[in-house]
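Chains as they are written, first to last, in the UniProt record's numbering: chain A, 1 to 54; chain B, 1 to 73; chain C, 1 to 664.
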Amino acid sequence: MKGESVMIANIIIGGAIFVYAGWVLVRHVKKSAKGTCAACHLADRCSGSCGPER
Amino acid sequence: MVLTDLHKGETAVVVRLAVEHEALKQRLLHLGVKEGKMVRVKAAMPFGGPVMVEVDGQAIGLRRKEASSIEVK
Amino acid sequence: MSYVALFGNPNTGKTSLFNCLTGSYEYVGNWSGVTVEKKVGVLRQHGVPVVDLPGIYSLQPLSRDEGVATDFLLTEPCSAIVNIVDASQLQRNLHLTVQLLEFGRPLIIALNMVDVAEKRGIKIDAVKLSRHLGVPVVPVIARTGKGAKELERAILSAKDGHHSRMFIDYGVEVERAIRRIAEQLPDDVPGDKRWMALQFLEGNERLAAYLRDHFDLSPLLAIRKETEQALGCQAAKHIYETRDRWISETIAAAAIEFKPKPLTLTEKVDAVVTNRYVGLPIFLALMYIVFMLTFNWLGTPLADQLDTFFSGPLTDWLSRLLDWAGASPFIEALVLDGIVAGVGGVLVFVPQIFILFFFISLLEDSGYMARVAMVMDRLMEAIGLNGKAFIPMIIGFGCNVPGVMAARTIEQPKERLLTMLLLPFMSCSARLPVYALFAGTFFIHEQALVVFSLYVLGIVVALGLAKLFSSTVFKNESSLFVIELPPYRVPQALTLWRSTWEKGKGFVRKAGTFIFGGSVAIWLLTYVGPHGVGVPMDDSLLAAIGGLIAPLLAPLGFGAWQAGAALITGFLAKEVVVSTMNIIYHVREANGLEQMIAAHFTPLSALSFMVFVLLYTPCLATVATIRKETGSWKWTLLSIGIALTVAYMISFLVYQVGMMFHFQ
Ligand SMILES: Nc1nc2c(ncn2[C@@H]2O[C@H](COP(=O)(O)OP(=O)(O)O)[C@@H](O)[C@H]2O)c(=O)[nH]1
Ligand SMILES: [Mg+2]
């Protein structure tokens with residue numbers, strides 16, 4: 001019984017970490033590829049350099 | 001006389017804006033540098049750098065070359 | 001969706017007002033060209049969308065950011081225009097107001113900076129001004145939010161309503177031309193036909209380009225030519241002068257008490273910072289003080305305390321928690337050797353980053369920024385750029401992405417392009433942890449000096465390349481420089497804190513998201529090998545990847561796979577270089593990392609490594625921004641190519657010359 005619940009806890013912790021890590025990685029690469037830098041003050045609102053292309 | 005002939009702190013009236021660059025001339029007009037306006041030289045950067053002039057209480061930096069095509073008296 | 005649009009001259013407080021109205025925290029600074037992109041928000045409680053736009057002097061754009069505002073009028077529907085007018089500079093502000101009135105949408109004037117005007121002895125009668133212009137005029141102080149409620153009410157009641165009946169008679173010739181042009185215009189043009197005709201006569205290129213897409217312009221050009229012959233001067237000049245006279249009359253009627261007083265604070269400060277002899281030395285001295293504070297006096301002691309906390313109590317506490325939950329060794333290693341090492345290794349530098357951001361904000365909000373541009377112009381002219389290019393460079397010290405975008409304010413296309421291509425050499429805050437780690441390990445006593453030299457090296461390389469390019473590829477293009485120098489304002493504590501926080505919180509957030517994810521991925525790569533899992537690190541996948549480029553880097557002094565791996569991951573975001581190093585060299589005890597690094601690097605190779613990280617390639621986000629802003633892959637790839645080549649050459653020089661002199 002004890003062993004099993006520990007196993008489950010491990011799977012949940014590990015799974016959560018990996019899922020979250022994968023998700024933020026994908027999101028970062030997607031956002032960066034649009035030209036948004038997470039470490040800049042525009043990060044929240046800026047959808048990249050969205051000016052008219054000429 | 002042109003703007004660059006003025007010494008620091010001196011005031012004069014613009015008589016002609018003979019700036020060649022059209023866009024620059026527009027910008028100067030919109031900043032209030034135009035015929036009949038009083039201008040005052042506030043500072044000049046060394047080695048032929050820009051001059052700082054004041055019009056209507058607004059300070060503007062511009063290059064010596066352009067400043068020398070602004071005639072004053 | 002129909003917007004309420006904020007128009008006004010640069011630096012009149014549009015963004016401050018936008019923030020008051022919508023409750024946003026957009027970027028405010030005391031120089032022209034802070035906002036280079038349109039920003040959308042919502043009027044609180046009413047759900048009305050509001051747009052903040054870059055500042056303009058007239059509707060004829062001279063630079064990219066100004067084009068954004070004109071394009072907005074031409075292509076987006078707006079239900080009302082809020083024109084922010086600087087009460088202390090009424091004459092020139094009203095030139096834009098007239099053009100906006102002629103556009104023929106409901107307009108509300110927000111009379112801002114009334115506090116500044118009053119200090120200068122100018123008082124404006126809002127009621128009289130309103131009567132004269134035929135639109136509501138609301139006095140506000142955008143900085144404190146005074147008058148925002150009244151303005152909101154005025155906007156809501158004017159929205160979608162009538163527009164002003166104000167009319168300026170431009171004289172027979174121009175009026176005839178206006179009628180003839182208006183007849184030719186199709187019915188669905190944005191704005192009033194009279195407005196459009198006037199803008200065309202004034203030579204608005206943006207508008208001409210817009211019209212050209214719809215029909216043949218030659219009859220209109222003929223009309224303009226005829227009119228100019230009849231006037232004996234350019235139509236633009238005539239129109240400008242007519243407006244100017246009209247504005248003078250308006251002001252004479254509405255402004256009371258003109259007794260101009262000099263701005264004593266600004267005068268005094270300017271006498272020093274723009275002094276012929278000490279102007280430049282003062283700038284350099286201020287920068288040096290900033291670095292000493294960031295690295296020696298304040299930042300590093302704080303960072304050390306954080307580091308002790310992470311590697312001591314936090315690690316203990318986490319490992320006890322994991323034990324209690326019965327975590328397997330795998331999970332424990334993932335958390336302690338991966339996440340804590342990777343994320344914590346970057347987070348310890350938060351104090352330094354915030355201090356640096358604080359000073360950048362101070363620079364932005366005080367009004368010194370524009371002075372720096374002027375003080376630098378002579379030098380920049382010599383290398384084929386102009387002083388304004390220095391502003392994007394300073395912003396680039398925070399993050400290269402907004403730096404590249406700030407280059408929009410540079411009028412000449414060539415100067416703008418050059419500025420964007422060379423901007424990645426400005427050492428952004430993401431590179432700072434790398435310096436802090438390596439300089440903190442190998443150059444404990446000279447830390448500030450070493451880091452300062454790196455920043456200077458970035459600037460010198462950028463300027464050197466600018467000289468090279470402007471005397472080869474971009475020869476014979478005229479350069480242009482004119483800059484508005486705003487009065488100094490004593491920064492408000494709240495604004496200062498807010499803009500520091502807005503910049504810094506991105507860094508913290510990044511640590512919790514991307515760097516967390518990156519750390520997990522990197523740790524996994526060290527755990528998994530081509531021949532199984534749980535392998536020694538030297539047989540891991542990460543070692544294999546790093547090993548691919550390691551031989552190339554050997555002549556630079558850091559040919560181990562560890563350095564190669566860190567540099568590759570750093571392309572995604574430069575902080576990750578430090579995360580990777582931390583994970584690779586992680587030992588679960590305080591100061592373990594520095595000992596490990598000291599075993600793998602010498603002071604010389606550490607220096608060479610820092611130089612390489614400074615120069616080697618813009619990060620992914622910057623690359624994407626350069627691509628968007630230049631609209632060309634060719635220039636983007638060139639920017640990366642130059643960076644890699646220059647980085648390699650200079651690091652090579654540093655290392656080989658250092659070896660020659662037996663400097664280890
Ligand atoms: N004294 C004073 N300063 C103001 C007022 N409104 C804005 N400012 C300052 O003017 C500067 C420019 O503001 P900002 O909103 O960025 O102007 P924008 O360029 O038009 O968007 C900032 O330093 C503001 O703090 C005001 O009503 N009074
Ligand atoms: Mg703004």
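All C-beta atoms, glycine included, are put in the ideal place defined by N, C-alpha and C.
_For a test of the three-state rule: what should DSSP assign to Ile-141 of chain C, helix, strand or coil?_
strand
_Just to confirm the assignment, what range does the beta strand (DSSP E) spanning Cys-78 of chain C have?_
78-86
_Can you pull the chain D neighbours of Gly-15 of chain A, defined as C-beta to C-beta under 7 Å?_
Chain labels in this structure do not include chain D; the protein chains are A, B and C.
*Length of the line joining the Cα atoms of Arg-54 of chain A and Tyr-57 of chain C*: Only weak support exists for where Arg-54 of chain A lies, its pLDDT of 30 falling under 50; the coordinates are left without a value.
*Where the alpha helix (DSSP H) containing Val-401 of chain C begins and where it ends*: Looking at the DSSP string, the run of the alpha helix (DSSP H) that includes Val-401 of chain C is 400-406.
*Hey, could you find the ends of the alpha helix (DSSP H) Val-272 of chain C is sitting in?*
264-273
_Tyr-585 of chain C versus Thr-22 of chain C: straight-line alpha-carbon distance, rounded_ = 48 Å
*Between which two residues does the alpha helix (DSSP H) containing Pro-219 of chain C stretch?*
218-231
*Would you please verify whether the beta carbon of Met-537 of chain C is less than 8 Å from any beta carbon of chain B?*
no
*When Cβ atoms are compared, which residues of the segment 268-279 of chain C fall closer than 9 Å to chain B?*
Asp-270, Ala-271, Thr-274, Asn-275, Arg-276, Tyr-277, Gly-279
*Using the beta-carbon of each residue, which ones in chain A are nearer than 7 Å to Val-520 of chain C?*
Ile-17, Phe-18, Ala-21
_C-beta atoms of Pro-424 of chain C and Thr-622 of chain C nearer than 8 Å_ = A contact, by the Cβ cut-off of 8 Å.
_Pro-10 of chain C burial status per 10 Å Cβ neighbour count (16 or more: buried)_ = That one is buried.
_Top-ranked residue by Cα proximity to Arg-416 of chain C, from C:Asp-65, C:Ala-573, C:Glu-183_ = C:Asp-65
_Closer than 8 Å at the beta carbon, the chain B residues around Ser-88 of chain C_ = Gly-57
*Taking Pro-136 of chain C as part of the beta strand (DSSP E), name the residues at either end of that continuous run.*
No beta strand (DSSP E) holds Pro-136 of chain C; DSSP gives it neither H nor E.
*asked:* Among C:Val-508, C:Gly-55, C:Leu-422, C:Lys-388, whose alpha-carbon lies nearest the alpha-carbon of Pro-433 of chain C?
replied: Taking the Cα of Pro-433 of chain C as reference, the smallest distance to any Cα among C:Val-508, C:Gly-55, C:Leu-422, C:Lys-388 is reached at C:Val-508.
*Tell me, please, whether the CB atom of Lys-30 of chain A is closer than 8 Å to any CB atom in chain C?*
no
*With C-beta atoms as the reference, is Asn-112 of chain C less than 8 Å away from Leu-17 of chain C?*
Between Asn-112 of chain C and Leu-17 of chain C, the C-beta spacing is below 8 Å.
*asked:* What would DSSP say about Gly-367 of chain C, mapped onto helix, strand or coil?
replied: coil
*So, is Phe-357 of chain C buried or exposed, given that buried needs 16 or more other C-beta atoms within 10 angstroms?*
buried
*Along the chain, where does the alpha helix (DSSP H) that runs through Phe-442 of chain C open and close?*
432-442
*Along the chain, which unbroken stretches of the alpha helix (DSSP H) at least 4 residues long are found entirely within the segment 588-613 of chain C?*
592-600
*Does the beta-carbon distance from Leu-265 of chain C to Tyr-488 of chain C come in below 8 Å?*
Yes; because the gap between Cβ atoms is below 8 Å, this pair is in contact.
*What distance in whole Å lies between the Cβ atoms of Glu-484 of chain C and Ala-370 of chain C, which are believed to be in contact at a cut-off of 8 Å?*
Confirmed, Cβ separation roughly 7 Å.
*asked:* Less than 8 Å between the beta carbons of Ser-69 of chain B and Val-14 of chain B, yes or no?
replied: no
*asked:* For residue 666 of chain C, which residues in the same chain have their Cβ closer than 8 Å to its Cβ, ignoring the five residues on either side in sequence?
replied: Outside the modelled stretch of chain C, which goes from 1 to 664, sits residue 666 of chain C, for which no answer is possible.
*Where does the unbroken alpha helix (DSSP H) through Glu-173 of chain C begin, and where does it stop?*
Segment 172-184, the alpha helix (DSSP H) holding Glu-173 of chain C.
*Residues near Asp-377 of chain C by beta carbon distance below 7 Å, same chain, minus five either side*: Asn-386, Gly-387, Phe-481
*asked:* Just checking Val-34 of chain C against ligand 4 - is the residue's beta carbon closer than 7 Å to any of the ligand's heavy atoms?
replied: Ligands present in the displayed structure are limited to ligand 1 and ligand 2, and ligand 4 is not among them.
*Would you tell me roughly how many angstroms separate the C-alpha atoms of Arg-243 of chain C and Leu-100 of chain C, rounded to the nearest one?*
13 Å
*Could one say the Cβ of Ile-60 of chain B lies closer than 8 Å to chain C's Cβ atoms, at least one of them?*
yes
*Consult DSSP for Gln-234 of chain C and reduce its assignment to one of helix, strand or coil.*
coil
_Reference Lys-42 of chain B, options B:Val-2, B:Leu-17, B:Gly-9, closest by Cα_ = B:Gly-9
*Closer than 7 Å, Cβ to Cβ, to anything on chain A: give me those residues from the segment 45-58 of chain C, in chain order.*
So the list is empty, because no residue satisfies the distance condition.
*asked:* Measuring only the C-alpha atoms, how far is Leu-465 of chain C from Ser-427 of chain C?
replied: 16 Å
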